[in-house]
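This report refers to the structure that appears directly beneath it.
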Amino acid sequence: METNLRWILITAIAPILWGSTYYVTAHLLPADSPLWGSAIRALPAGLILLAISRKLPRGSWWWRSLVLGTINMGAFFALVYVAAQLLPTSIASTIMATGPIVMMLVAWALIRERPKIIAVVGAVLGLAGVAIMLGGGGGEISPLGVLASVAAMILSAFGFVLAKRWAGQVDPLSLSAWQLIAAGLVLLVAAALVEGAPPALTLNMLWGFGYVSILATALAYTAWFTGLKHLSAGSVGLIGLLNPVVGVLLGTVLAGESLTVQQILGLVLILVGIVLGQPIIDRFRARKNTARSAVTTPAQAVASAKRD
463 METNLRWILI
473 TAIAPILWGS
483 TYYVTAHLLP
493 ADSPLWGSAI
503 RALPAGLILL
513 AISRKLPRGS
523 WWWRSLVLGT
533 INMGAFFALV
543 YVAAQLLPTS
553 IASTIMATGP
563 IVMMLVAWAL
573 IRERPKIIAV
583 VGAVLGLAGV
593 AIMLGGGGGE
603 ISPLGVLASV
613 AAMILSAFGF
623 VLAKRWAGQV
633 DPLSLSAWQL
643 IAAGLVLLVA
653 AALVEGAPPA
663 LTLNMLWGFG
673 YVSILATALA
683 YTAWFTGLKH
693 LSAGSVGLIG
703 LLNPVVGVLL
713 GTVLAGESLT
723 VQQILGLVLI
733 LVGIVLGQPI
743 IDRFRARKNT
753 ARSAVTTPAQ
763 AVASAKRD
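FYI, our numbering numbers position 204 of the sequence shown as 666, with every residue one higher than the one before it.
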(Lines of atoms letter the chains of each structure in order from A; the text may use other names.)
(Lines give C-alpha, C1' and ligand atoms only; values in the text may rest on other atoms or scores of the structure.)
Protein backbone atom coordinates (compact mmCIF):
# COMPACT_ATOMS: atom_id res chain seq x y z
CA MET A 463 0.00 0.00 0.00
CA GLU A 464 2.87 2.38 0.81
CA THR A 465 4.35 1.75 -2.65
CA ASN A 466 1.12 2.67 -4.42
CA LEU A 467 0.78 5.77 -2.27
CA ARG A 468 4.29 6.83 -3.28
CA TRP A 469 3.48 6.53 -7.00
CA ILE A 470 0.19 8.37 -6.50
CA LEU A 471 1.96 11.26 -4.74
CA ILE A 472 4.67 11.41 -7.42
CA THR A 473 2.05 11.44 -10.18
CA ALA A 474 0.13 14.22 -8.41
CA ILE A 475 3.14 16.53 -8.89
CA ALA A 476 2.21 16.85 -12.59
CA PRO A 477 -1.37 18.17 -12.39
CA ILE A 478 -0.46 20.38 -9.43
CA LEU A 479 2.25 22.09 -11.49
CA TRP A 480 0.03 22.17 -14.60
CA GLY A 481 -2.69 23.88 -12.58
CA SER A 482 -0.29 26.69 -11.74
CA THR A 483 0.50 27.38 -15.40
CA TYR A 484 -2.86 29.11 -15.91
CA TYR A 485 -1.74 32.04 -13.80
CA VAL A 486 1.82 32.14 -15.16
CA THR A 487 0.67 31.96 -18.77
CA ALA A 488 -1.96 34.67 -18.32
CA HIS A 489 0.34 37.11 -16.49
CA LEU A 490 3.87 36.48 -17.76
CA LEU A 491 3.87 34.84 -21.20
CA PRO A 492 3.14 36.40 -24.62
CA ALA A 493 -0.49 35.80 -25.58
CA ASP A 494 -0.12 36.28 -29.33
CA SER A 495 2.57 33.65 -30.00
CA PRO A 496 1.14 30.27 -28.94
CA LEU A 497 3.36 28.16 -31.19
CA TRP A 498 6.56 29.95 -30.23
CA GLY A 499 5.49 29.86 -26.61
CA SER A 500 4.86 26.12 -26.79
CA ALA A 501 8.20 25.51 -28.55
CA ILE A 502 10.09 27.56 -25.95
CA ARG A 503 8.30 25.59 -23.25
CA ALA A 504 8.99 22.13 -24.70
CA LEU A 505 12.46 22.18 -26.26
CA PRO A 506 14.55 23.48 -23.31
CA ALA A 507 12.69 21.09 -20.99
CA GLY A 508 13.55 18.14 -23.23
CA LEU A 509 17.20 19.15 -23.55
CA ILE A 510 17.54 19.48 -19.76
CA LEU A 511 16.08 16.01 -19.22
CA LEU A 512 18.29 14.56 -21.98
CA ALA A 513 21.38 16.07 -20.30
CA ILE A 514 20.37 14.34 -17.07
CA SER A 515 19.41 10.95 -18.56
CA ARG A 516 22.23 10.87 -21.18
CA LYS A 517 20.30 8.34 -23.25
CA LEU A 518 19.45 8.70 -26.92
CA PRO A 519 16.58 6.84 -28.58
CA ARG A 520 17.41 3.55 -30.26
CA GLY A 521 15.76 1.73 -33.15
CA SER A 522 12.03 2.33 -33.35
CA TRP A 523 12.17 4.89 -30.57
CA TRP A 524 13.29 7.55 -33.03
CA TRP A 525 9.91 7.55 -34.80
CA ARG A 526 7.98 6.62 -31.67
CA SER A 527 9.35 9.70 -29.91
CA LEU A 528 8.24 11.85 -32.82
CA VAL A 529 4.74 10.37 -32.78
CA LEU A 530 4.30 10.59 -29.02
CA GLY A 531 5.88 14.03 -28.76
CA THR A 532 3.65 15.42 -31.50
CA ILE A 533 0.51 13.97 -29.88
CA ASN A 534 1.22 14.49 -26.17
CA MET A 535 2.94 17.88 -26.29
CA GLY A 536 3.07 19.45 -29.76
CA ALA A 537 -0.54 19.22 -30.94
CA PHE A 538 -1.83 19.22 -27.37
CA PHE A 539 -0.16 22.52 -26.41
CA ALA A 540 -1.48 24.23 -29.56
CA LEU A 541 -5.04 22.89 -29.19
CA VAL A 542 -5.24 23.84 -25.51
CA TYR A 543 -4.16 27.36 -26.40
CA VAL A 544 -6.88 27.64 -29.06
CA ALA A 545 -9.48 26.30 -26.62
CA ALA A 546 -8.37 28.75 -23.92
CA GLN A 547 -8.70 31.65 -26.35
CA LEU A 548 -12.16 30.71 -27.63
CA LEU A 549 -13.91 29.15 -24.63
CA PRO A 550 -14.67 30.19 -21.05
CA THR A 551 -12.24 28.44 -18.70
CA SER A 552 -15.10 26.56 -17.03
CA ILE A 553 -16.28 25.01 -20.32
CA ALA A 554 -12.78 24.08 -21.51
CA SER A 555 -11.88 22.53 -18.14
CA THR A 556 -15.14 20.58 -17.96
CA ILE A 557 -14.51 19.11 -21.42
CA MET A 558 -10.95 18.19 -20.42
CA ALA A 559 -12.33 16.58 -17.23
CA THR A 560 -13.88 13.84 -19.38
CA GLY A 561 -10.30 12.72 -20.05
CA PRO A 562 -10.16 10.04 -17.30
CA ILE A 563 -13.19 8.25 -18.74
CA VAL A 564 -11.72 8.37 -22.24
CA MET A 565 -8.33 7.16 -20.92
CA MET A 566 -10.05 4.18 -19.30
CA LEU A 567 -11.75 3.27 -22.58
CA VAL A 568 -8.57 3.73 -24.62
CA ALA A 569 -6.58 1.68 -22.09
CA TRP A 570 -9.20 -1.07 -22.31
CA ALA A 571 -8.83 -1.15 -26.10
CA LEU A 572 -5.04 -0.76 -26.39
CA ILE A 573 -3.56 -2.45 -23.34
CA ARG A 574 -6.46 -4.56 -22.03
CA GLU A 575 -6.84 -2.58 -18.78
CA ARG A 576 -10.49 -3.30 -18.05
CA PRO A 577 -11.97 -0.31 -16.16
CA LYS A 578 -13.32 -1.12 -12.71
CA ILE A 579 -16.82 0.02 -11.79
CA ILE A 580 -15.59 1.97 -8.78
CA ALA A 581 -13.03 3.81 -10.94
CA VAL A 582 -15.73 4.72 -13.47
CA VAL A 583 -17.89 6.02 -10.61
CA GLY A 584 -14.89 8.05 -9.44
CA ALA A 585 -14.43 9.52 -12.92
CA VAL A 586 -18.10 10.51 -13.13
CA LEU A 587 -17.94 12.12 -9.67
CA GLY A 588 -14.77 13.97 -10.67
CA LEU A 589 -16.38 15.26 -13.86
CA ALA A 590 -19.44 16.41 -11.91
CA GLY A 591 -17.18 18.06 -9.36
CA VAL A 592 -15.32 20.05 -12.02
CA ALA A 593 -18.60 21.21 -13.58
CA ILE A 594 -19.97 22.27 -10.16
CA MET A 595 -16.73 23.89 -8.97
CA LEU A 596 -16.40 25.98 -12.12
CA GLY A 597 -20.06 26.91 -12.25
CA GLY A 598 -20.91 25.36 -15.60
CA GLY A 599 -19.54 28.32 -17.50
CA GLY A 600 -20.86 31.50 -18.98
CA GLY A 601 -20.12 33.50 -22.06
CA GLU A 602 -20.27 32.56 -25.70
CA ILE A 603 -19.62 28.96 -26.69
CA SER A 604 -17.45 28.72 -29.79
CA PRO A 605 -17.89 25.51 -31.84
CA LEU A 606 -14.24 25.76 -32.91
CA GLY A 607 -13.19 26.11 -29.27
CA VAL A 608 -15.23 23.06 -28.30
CA LEU A 609 -13.70 21.09 -31.19
CA ALA A 610 -10.18 22.12 -30.15
CA SER A 611 -10.83 21.17 -26.51
CA VAL A 612 -12.35 17.79 -27.41
CA ALA A 613 -9.47 17.07 -29.81
CA ALA A 614 -6.90 17.96 -27.14
CA MET A 615 -8.61 15.69 -24.62
CA ILE A 616 -8.88 12.71 -26.99
CA LEU A 617 -5.33 13.13 -28.32
CA SER A 618 -3.82 13.29 -24.83
CA ALA A 619 -5.81 10.26 -23.62
CA PHE A 620 -4.72 8.24 -26.65
CA GLY A 621 -1.11 9.49 -26.52
CA PHE A 622 -0.63 8.77 -22.82
CA VAL A 623 -1.98 5.22 -23.12
CA LEU A 624 0.12 4.64 -26.24
CA ALA A 625 3.20 5.82 -24.33
CA LYS A 626 2.35 3.35 -21.55
CA ARG A 627 2.01 0.54 -24.11
CA TRP A 628 5.28 1.33 -25.85
CA ALA A 629 7.40 2.35 -22.86
CA GLY A 630 8.44 -1.13 -21.71
CA GLN A 631 11.78 -0.78 -19.95
CA VAL A 632 12.35 2.84 -21.03
CA ASP A 633 12.76 5.01 -17.94
CA PRO A 634 10.31 7.93 -17.51
CA LEU A 635 13.11 10.52 -17.60
CA SER A 636 14.31 9.46 -21.06
CA LEU A 637 10.75 8.93 -22.28
CA SER A 638 9.86 12.51 -21.30
CA ALA A 639 13.07 13.93 -22.77
CA TRP A 640 12.64 12.31 -26.19
CA GLN A 641 9.00 13.37 -26.50
CA LEU A 642 9.65 16.95 -25.43
CA ILE A 643 12.56 17.38 -27.85
CA ALA A 644 10.49 15.93 -30.70
CA ALA A 645 7.58 18.20 -29.78
CA GLY A 646 9.86 21.21 -29.53
CA LEU A 647 11.33 20.62 -32.99
CA VAL A 648 7.90 20.13 -34.56
CA LEU A 649 6.64 23.29 -32.86
CA LEU A 650 9.69 25.28 -33.98
CA VAL A 651 8.93 24.49 -37.63
CA ALA A 652 5.23 25.25 -37.18
CA ALA A 653 5.97 28.51 -35.34
CA ALA A 654 8.39 29.73 -38.01
CA LEU A 655 5.89 28.95 -40.80
CA VAL A 656 2.77 30.31 -39.08
CA GLU A 657 3.96 33.07 -36.72
CA GLY A 658 7.17 34.20 -38.36
CA ALA A 659 9.95 35.60 -36.20
CA PRO A 660 10.02 34.66 -32.50
CA PRO A 661 8.66 37.24 -30.05
CA ALA A 662 10.96 39.57 -28.14
CA LEU A 663 11.17 38.32 -24.56
CA THR A 664 11.20 40.57 -21.51
CA LEU A 665 12.77 39.60 -18.18
CA ASN A 666 9.36 38.69 -16.76
CA MET A 667 8.66 36.46 -19.77
CA LEU A 668 12.00 34.70 -19.26
CA TRP A 669 11.10 34.04 -15.63
CA GLY A 670 7.71 32.74 -16.72
CA PHE A 671 9.16 30.46 -19.39
CA GLY A 672 11.77 29.23 -16.90
CA TYR A 673 9.04 28.17 -14.48
CA VAL A 674 6.79 26.65 -17.13
CA SER A 675 9.62 24.82 -18.93
CA ILE A 676 11.64 23.48 -16.00
CA LEU A 677 8.95 22.79 -13.41
CA ALA A 678 5.58 22.60 -15.20
CA THR A 679 7.01 20.66 -18.16
CA ALA A 680 10.30 18.84 -17.44
CA LEU A 681 9.48 17.86 -13.85
CA ALA A 682 5.73 17.51 -14.43
CA TYR A 683 5.95 15.17 -17.42
CA THR A 684 8.63 13.03 -15.76
CA ALA A 685 6.32 12.61 -12.76
CA TRP A 686 3.35 11.90 -15.03
CA PHE A 687 5.09 9.18 -17.06
CA THR A 688 6.46 7.69 -13.83
CA GLY A 689 2.88 7.33 -12.68
CA LEU A 690 1.84 5.76 -15.99
CA LYS A 691 4.63 3.21 -15.61
CA HIS A 692 3.49 2.05 -12.17
CA LEU A 693 -0.26 2.75 -12.03
CA SER A 694 -3.19 2.00 -14.30
CA ALA A 695 -4.06 4.56 -16.96
CA GLY A 696 -7.44 5.16 -15.33
CA SER A 697 -5.88 5.91 -11.95
CA VAL A 698 -3.41 8.35 -13.49
CA GLY A 699 -6.15 10.04 -15.51
CA LEU A 700 -8.18 10.63 -12.34
CA ILE A 701 -5.18 12.15 -10.57
CA GLY A 702 -5.05 14.61 -13.46
CA LEU A 703 -8.29 16.16 -12.12
CA LEU A 704 -6.12 17.96 -9.57
CA ASN A 705 -5.22 20.33 -12.43
CA PRO A 706 -8.40 22.49 -12.34
CA VAL A 707 -8.52 22.21 -8.54
CA VAL A 708 -5.10 23.84 -8.24
CA GLY A 709 -6.04 26.45 -10.85
CA VAL A 710 -9.15 27.49 -8.89
CA LEU A 711 -7.40 27.43 -5.48
CA LEU A 712 -4.45 29.45 -6.75
CA GLY A 713 -6.68 31.99 -8.46
CA THR A 714 -8.79 32.35 -5.31
CA VAL A 715 -5.77 32.82 -3.05
CA LEU A 716 -4.07 35.34 -5.34
CA ALA A 717 -7.31 37.30 -5.68
CA GLY A 718 -7.68 37.41 -1.89
CA GLU A 719 -11.13 35.79 -2.05
CA SER A 720 -12.80 32.93 -0.17
CA LEU A 721 -14.09 29.73 -1.73
CA THR A 722 -17.85 29.62 -2.26
CA VAL A 723 -20.01 26.77 -1.02
CA GLN A 724 -20.43 25.64 -4.63
CA GLN A 725 -16.66 25.54 -5.17
CA ILE A 726 -16.11 23.60 -1.95
CA LEU A 727 -18.78 21.05 -2.94
CA GLY A 728 -17.19 20.60 -6.36
CA LEU A 729 -13.73 20.28 -4.84
CA VAL A 730 -14.93 17.57 -2.42
CA LEU A 731 -16.55 15.60 -5.26
CA ILE A 732 -13.35 15.78 -7.29
CA LEU A 733 -11.20 14.55 -4.39
CA VAL A 734 -13.64 11.71 -3.62
CA GLY A 735 -13.63 10.72 -7.30
CA ILE A 736 -9.81 10.70 -7.41
CA VAL A 737 -9.56 8.54 -4.28
CA LEU A 738 -12.16 6.02 -5.53
CA GLY A 739 -10.11 5.34 -8.63
CA GLN A 740 -6.84 4.57 -6.84
CA PRO A 741 -5.41 1.08 -6.16
CA ILE A 742 -5.28 1.85 -2.43
CA ILE A 743 -9.05 1.44 -2.32
CA ASP A 744 -8.79 -2.02 -3.92
CA ARG A 745 -6.14 -3.04 -1.38
CA PHE A 746 -8.30 -1.79 1.50
CA ARG A 747 -11.37 -3.68 0.23
CA ALA A 748 -9.30 -6.85 -0.29
CA ARG A 749 -7.93 -6.69 3.26
CA LYS A 750 -11.40 -6.06 4.63
CA ASN A 751 -12.82 -9.09 2.77
CA THR A 752 -9.90 -11.23 3.94
CA ALA A 753 -10.48 -10.19 7.54
CA ARG A 754 -14.18 -10.99 7.25
CA SER A 755 -13.53 -14.45 5.81
CA ALA A 756 -11.10 -15.17 8.65
CA VAL A 757 -13.75 -14.55 11.33
CA THR A 758 -15.59 -17.69 12.43
CA THR A 759 -19.02 -17.28 14.04
CA PRO A 760 -20.08 -19.58 16.96
CA ALA A 761 -22.58 -21.34 14.70
CA GLN A 762 -19.87 -21.99 12.11
CA ALA A 763 -17.57 -23.35 14.83
CA VAL A 764 -20.24 -25.79 16.11
CA ALA A 765 -21.03 -26.98 12.60
CA SER A 766 -17.33 -27.52 11.94
CA ALA A 767 -16.93 -29.49 15.17
CA LYS A 768 -19.88 -31.73 14.29
CA ARG A 769 -18.38 -32.45 10.87
CA ASP A 770 -15.12 -33.45 12.55
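Positions of the beta carbon are idealized from the N, C-alpha and C atoms, including for glycine.
query, result
"Beta-carbon spacing of Ala-771, Thr-532 below 8 Å", "This structure cannot speak to residue 771, because the chain is shown only from 463 to 770."
"Given 8 Å, three or more beta-carbon pairs between the region 648–660 and the region 561–576", "no"
"Neighbourhood of Ala-590 by C-beta distance below 7 Å, restricted to the same chain and skipping five residues each side", "Leu-731"
"Ile-478 beta carbon less than 8 Å from that of Val-708", "yes"
"Straight-line Cα distance separating Gly-658 from Gly-735", "44 Å"
"Start-to-end residues for the alpha helix (DSSP H) that takes in Asn-705", "704–716"
"Among Gln-725, Leu-471, Arg-520, Gln-740, nearest to Val-420 - alpha-carbon criterion", "Given a span of 463 to 770 for the chain in the structure shown, any question on residue 420 remains unanswerable."
"Neighbour-count burial assignment, Ile-553, 16 or more Cβ in a 10 Å radius", "buried"
"Cβ-based neighbour list, Gly-702, same chain, cut-off 6 Å, excluding 5 preceding and 5 following", "Pro-477"
"Residues near Pro-492 by beta carbon distance below 7 Å, same chain, minus five either side", "Gly-499, Pro-661, Met-667"
"Inter-residue spacing [alpha-carbon to alpha-carbon] between Arg-503 and Leu-704", "21 Å"
"Given Trp-797 as reference, the closest of Gly-689, Trp-628, Leu-647, Leu-681 once Cα atoms are compared", "There is simply no residue 797 to check, as the chain begins at 463 and stops at 770 in what is shown."
"Contacts around Pro-519, its chain only, beta-carbon distance under 7 Å, and the 5 residues preceding and following it disregarded", "Ser-527, Trp-640"
"Secondary structure of Lys-691, DSSP reduced to three states", "helix"
"Cβ neighbours of Trp-480 in the same chain (closer than 7 Å, five flanking residues each side left out)", "Ala-678, Ala-682, Asn-705"
"Where the alpha helix (DSSP H) containing Pro-562 begins and where it ends", "561–573"
"Expected contact under 8 Å - CB spacing of Ala-614 and Ala-559 to nearest Å", "Actually they do not touch by this definition, with Cβ atoms about 12 Å apart."
"Supposed close pair Phe-551, Leu-617 - CB separation, criterion 8 Å", "Here the sequence assigns Thr to residue 551, which means Phe is not the residue at that position. Contact doesn't hold; Cβ gap of about 20 Å is too wide."
"Run of the alpha helix (DSSP H) containing Tyr-543, from where it starts to where it stops", "538–548"
"Local Cβ density within 10 Å of Ser-456, reported as buried at 16 or more and exposed below that", "Within the shown structure, residues of the chain are numbered from 463 to 770, placing residue 456 beyond reach of any answer."
"Selection from Thr-483, Thr-465, Leu-471, Arg-468 that minimises the alpha carbon distance to Leu-712", "Thr-483"
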